[in-house]
Structure formats: C-alpha cells, structure tokens
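Undergrad: Just dropping this structure here.
Protein chains: 2
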Amino acid sequence: MIINLDLQSDVPIYLQLRNKIIEGIASKELVAGEPLPSVRMMAADLGVNMHTINKAYQLLKQDGFILIHRQKGVVVNPDGMPEVTNEYRQSLKDALRPIIGEAIARGMSAKDFQVVCAEIFSQITREVD
Amino acid sequence: MIINLDLQSDVPIYLQLRNKIIEGIASKELVAGEPLPSVRMMAADLGVNMHTINKAYQLLKQDGFILIHRQKGVVVNPDGMPEVTNEYRQSLKDALRPIIGEAIARGMSAKDFQVVCAEIFSQITREVD
DNA sequence: GCAACTGTTATATAATTAGTATAACAAACA
DNA sequence: TGTTTGTTATACTAATTATATAACAGTTGC
Chain D
295 MIINLDLQSD
305 VPIYLQLRNK
315 IIEGIASKEL
325 VAGEPLPSVR
335 MMAADLGVNM
345 HTINKAYQLL
355 KQDGFILIHR
365 QKGVVVNPDG
375 MPEVTNEYRQ
385 SLKDALRPII
395 GEAIARGMSA
405 KDFQVVCAEI
415 FSQITREVD
Chain H
295 MIINLDLQSD
305 VPIYLQLRNK
315 IIEGIASKEL
325 VAGEPLPSVR
335 MMAADLGVNM
345 HTINKAYQLL
355 KQDGFILIHR
365 QKGVVVNPDG
375 MPEVTNEYRQ
385 SLKDALRPII
395 GEAIARGMSA
405 KDFQVVCAEI
415 FSQITREVD
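From first to last, the protein sequence lines are chains D and H. So our numbering is basically just the index in the first sequence, starting at one, shifted up by 294. So our numbering is basically just the index in the second sequence, starting at one, shifted up by 294.
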C-alpha cells in the first residue's frame, strides 16, 4: 500500500497516517489479518520518526482497527472492524455538524451535499468488491 | 444568540466560536446585516480572552461571512454569504474524505451515512424558514 | 547461543499552536 | 471629553507535534 504524506499540511502526520490506513481498509486494499509494516520500517519508508508511526498505530489499536502482538507485529484486526456503536455515531455527528453548518450557510442544499458525499463514497469503494 | 463553549474540548475555542456563528447563520438565527458583539463584549460574556474572539472573527472575515468596520463594529455580511467556490468544494471534500473513509471501514452504507447527514440538516434548518 | 527484529518505554529537545494578560493607538460617536 | 471600536504589540504559560536517542524484553532464524 502506497502512502503519501503531506508534511506541509496542518493535519498532523500521525493523523494523516491513521486516516490513510482506515481508508485502505475501507477500500479493501487492506484486508482483515493482513500484516502492516513495523513502526521502524514504516518510519524509514516515510522518512519520519518511529514515534510518529507508533502514535498512529496506538490510535488504530485503541479503536479496534488493528491488533498489536507484543513481539510479533501489527495486523489488520482479523475479527473484523469495530462496529457502528452509539459512541461512534455521536462522534460522527459531532464531526459532521460544523461541516454541514458551513455548507448550509454557503447555500448548499441537502441534495448538493449528498452528491459530494456520494462522489467520495464511490471514489473510495470503486475498487474490486 | 446563545453560545455554549466546551472549554474541555480538544477543539480550540476560537474554532468552536467560528463554527457556532456559521451554524447561527445557517439556521437563520443570524441574518445578513445583523451586528455581532464587539470582541471585548463577547470575551466578557463567554469568559475568555479578547484575542481568542478576535481570532474567530478574523477567520470569519477572511472567509467572507462577516464584515468588520474599523470603528463601527462587526456585522454578518449584508451582501450575502460566500459562494460555493471550487476552492471550498475541494476543502469540503478533503474534510469529508477521512470521515467517510472511517464510516465505510466500520460497515456503514452510503444510505446509512446519508440518513445521518439528513438528520443534521434538519436539526440545523428546522427553525423558521 | 547469537544476532536481528518486534513493540514498548523513557528522556530530552525544538517548533508550533492555543490561550491569557496587559497595554497602547487612532477613529468614531454621544 | 470620555467611551467604545478594531487593531497592534509584547510577554508569558501550557499543550501539542515531531524528532533524536537509548534501552528493555521477548521472538525468530541461523
């Protein structure tokens, strides 16, 4: 899996990495049980520090996207992905609210917004199914 | 307009304030030409520093949501809201992509996601139209 | 056994951001 | 003449982000 980071972005590197890996899972480029590079390998590949990778991995582990075996390695959770819990649903709403607020203020209709979302959905899932 | 800030949130105060004001515009609680409290008044009301308010106002001014007259005051842009430019469309996509990526990874369908968005749309716009 | 690798932990440092605290300025206004 | 406006400047604290090393304990392969 190819990961491009934007070092100039205001989005922290560890968050970019977390998001890219989740998107990789969403697009099925990464499948359950698949091993991920070690923190040191990934750090060398991307040219960033080991701890930055570790921070992303810890977030992914905390949310249940990956498993970390002490001296074995990192794998995409073989037991499947975390479910749509009420807690996640709420955090999703909290994240969407200011975004949708601005869209409305700028005159976007619910339909317009839905089209944008649909575009992104198909962009991410257009791969083999 | 009543503004509640969460001082414990990981979202910076000035961003919370920016988002609340934009949501106020979206819900038509704030209308074009309506004056906003001065940076000092707002700071006193919310119990935060003047510069924190000023930072939010500068962001809103920069995006065209409000106008700031040097010695008059701050008003919601009387000439209407900023349009849906290509630049905004792109930043909207950039913001939505990681959110939608996680939704897909957790097994949400486009339809499920659309329902959540529709809920938020109606929550914000349920007021007088 | 030994070397290489794993995640983990610890410490230190630099840069940036967020927020506060004052203070002063020039223009507008009652 | 005060008061209020946005603006600008300086200084400081705290937290976050990212890097740089270093060491540890368990695993694996030779």
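Glycine included, every Cβ here is placed at the ideal spot set by N, Cα and C.
Kindly indicate which residue of I319(D), S332(D) and I347(D) has the alpha-carbon position closest to the one of Q365(D).
TA: Checking every option, the nearest Cα to that of Q365(D) belongs to S332(D).
Undergrad: With respect to the beta strand (DSSP E) encompassing I362(H), which residues constitute its N-terminal and C-terminal limits?
TA: I360 to H363 is the span of the beta strand (DSSP E), which, as asked, contains I362(H).
Undergrad: In chain H, which residues lie with their C-beta within 7 Å of the C-beta of M375(D)?
TA: In chain order: A399, R400 and G401.
Undergrad: Less than 7 Å between the CB of P306(D) and some heavy atom of the ligand FAD, yes or no?
TA: The model on display carries no ligand, and the ligand FAD is accordingly not part of it.
Undergrad: Quick one: Cα of H345(H) to Cα of V368(H), how far?
TA: Rounded to whole angstroms, H345(H) to V368(H) spans 15 Å at the Cα level.
Undergrad: Hey, which unbroken runs of the alpha helix (DSSP H) at 4 residues or more fall wholly within the stretch 312-365 of chain D?
TA: Segments of the alpha helix (DSSP H) lying fully in the stretch 312-365 of chain D: 333-340 and 344-356.
Undergrad: Starting from G374(H), trace the beta strand (DSSP E) both ways and give me its first and last residue.
TA: Counting along the chain, G374(H) falls outside any beta strand (DSSP E), and DSSP gives it neither H nor E.
Undergrad: Which chain D residues are close to K387(H), counting only those with a beta carbon under 8 Å from its beta carbon?
TA: The answer, in chain order, is V410, E413 and I414.
Undergrad: For V409(D) and K387(H), which I take to be in contact (beta-carbon distance under 8 Å), what is that distance rounded to the nearest angstrom?
TA: V409(D) to K387(H), Cβ: 11 Å. No contact.
Undergrad: Looking at I393(D) and I418(H), is the spacing between their C-beta atoms short of 8 Å?
TA: No, they are not a contact pair.
Undergrad: Rounded to whole angstroms, what's the CA-CA distance from L354(D) to E323(D)? Just pull it up for me.
TA: Near 16 Å, if we compare the C-alpha coordinates of E323(D) and L354(D).
Undergrad: Rounded to whole angstroms, what's the CA-CA distance from M375(D) to E396(D)? Just pull it up for me.
TA: Rounded to whole angstroms, M375(D) to E396(D) spans 31 Å at the Cα level.
Undergrad: Can you tell me where the alpha helix (DSSP H) with G395(H) in it begins and where it stops?
TA: N380 to A399 is the extent of the alpha helix (DSSP H) around G395(H).
Undergrad: Give me the DSSP bridge partner(s) of V429(H).
TA: No information on residue 429(H) is available, as it lies outside the stretch 295 to 423 that chain H covers here.
Undergrad: Rounded to whole angstroms, how far is the Cβ of A350(D) from the Cβ of L299(D), which I believe are closer than 8 Å?
TA: Going by Cβ atoms, the distance from A350(D) to L299(D) rounds to 11 Å, so no, they are not a contact pair.
Undergrad: Applying a beta-carbon distance threshold of less than 7 Å, which residues of chain D neighbour A320(H)?
TA: Going along chain D in sequence order, the residues near A320(H) (Cβ under 7 Å) are G395, I398 and A399.
Undergrad: Applying the criterion that 16 or more other CB atoms from any shown protein chain within 10 Å of the CB defines a buried residue, is E377(D) buried or exposed?
TA: Counting Cβ neighbours within 10 Å, E377(D) comes out exposed, since fewer than 16 surround it.
Undergrad: Output, in chain order, the set of chain D residues within a Cβ distance shorter than 8 Å of G390(H).
TA: The identity of residue 390(H) in the sequence shown is Leu, whereas the question assumes Gly. Ordered by position in chain D, the residues that pass the 8 Å Cβ test against L390(H) are I393, V410, C411 and I414.
Undergrad: Tell me the DSSP secondary structure of V305(H) in three-state form.
TA: Here V305(H) sits in coil by DSSP.
Undergrad: If G358(H) sits next to N371(H), beta carbons under 8 Å apart, how far is it from one beta carbon to the other, in whole angstroms?
TA: Sure, about 6 Å apart at Cβ, within 8 Å.
Undergrad: Applying a beta-carbon distance threshold of less than 7 Å, which residues of chain H neighbour T419(D)?
TA: The contacting residues are I398.
Undergrad: Just mark S416(H) as buried or exposed, buried being the case when its beta carbon has 16 or more other beta carbons within 10 Å.
TA: Exposed, by the Cβ-count rule.
Undergrad: Could you pull out every residue in the same chain whose Cβ sits closer than 8 Å to the Cβ of A337(D), ignoring the five residues on either side in sequence?
TA: Around A337(D): N343, M344, T346 and I347.
Undergrad: Taking the straight line between their C-alpha atoms, what separation do you get for V305(H) and D304(D)?
TA: Each residue's Cα considered, the two are about 14 Å apart.
Undergrad: Verify the CB distance criterion: does V325(H) have a CB-CB separation below 8 Å to chain D?
TA: Chain D, which has no Cβ nearer than 8 Å to the Cβ of V325(H), makes this no.
Undergrad: Are the beta-carbon atoms of I319(D) and A399(H) separated by less than 8 Å?
TA: Yes; because the gap between Cβ atoms is below 8 Å, this pair is in contact.
Undergrad: My assumption, with CB atoms under 8 Å, is that I414(H) sits in contact with R383(D). Please give the rounded CB distance.
TA: Not a contact, Cβ separation roughly 12 Å.
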